[in-house]
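Q: Following the numbering used here, the numbering of the sequence shown begins with 456 at its first residue and continues without gaps. What follows is a single structure, and I will ask about it in a moment.
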Amino acid sequence: MNLNNRGYVKHVDDGDKFVVCDTNADGHGVQATLYRYSSGGGVAITTITDGGDSTCDYQTYNIKGQTKYYLEICWSIPGGECAKSGLFSES
């Protein structure tokens, strides 16, 4: 999922790796948060940040069964734009 060429986040199913990359050398990074979906909103599971270097950052989290999740990526400035993914699950 791309954030207007500022960066992206992706889920790599093999190993349940969540990769976030800052792709714009503007002095600000990006951060991505994995949420577990609930009817009252999302519950943050983990947040991954990237910026200031030439490599992407990642974390792993085991996506299980039919539990629904979504990702949000934001530009790391106050009031910075964000984008959300659709819901996804393992099955």
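Where is the CB? At the ideal position from N, CA and C, for every residue including glycine.
With distances taken from CA atoms, which of N457, I500 and C476 is nearest Y513?
A: The option with the nearest alpha carbon to Y513 is C476.
Q: Going by the CB atoms, is the gap between N460 and T478 shorter than 8 Å?
A: Yes, they are a contact pair.
Q: Measuring CA to CA, which of C537, S544, G507 and N517 is closest to Y525?
A: Considering only alpha carbons, the answer is S544.
Q: When you compare each of G541, T510 and V485 to I532 by their alpha carbons, which one comes out closest?
A: Of G541, T510 and V485, the residue nearest in Cα terms is V485.
Q: I'd like the list of long-range same chain contacts for G470, defined as Cβ closer than 7 Å, with 5 residues on each side in sequence excluded.
A: Correct list, in chain order: T515.
Q: Nearest CA to the CA of V467: which residue from E536, T488, R491 and I518?
A: Of the candidates E536, T488, R491 and I518, the one whose C-alpha sits nearest the C-alpha of V467 is I518.
Q: Nearest-angstrom Cα distance between S493 and M456?
A: Between S493 and M456, the C-alpha separation is close to 21 Å.
Q: Put L526 into one of helix, strand or coil per three-state DSSP.
A: Three-state result, L526: strand.
Q: In whole angstroms, give me the CA-to-CA distance for T522 and I500.
A: Approximately 13 Å, taken between the alpha carbons.
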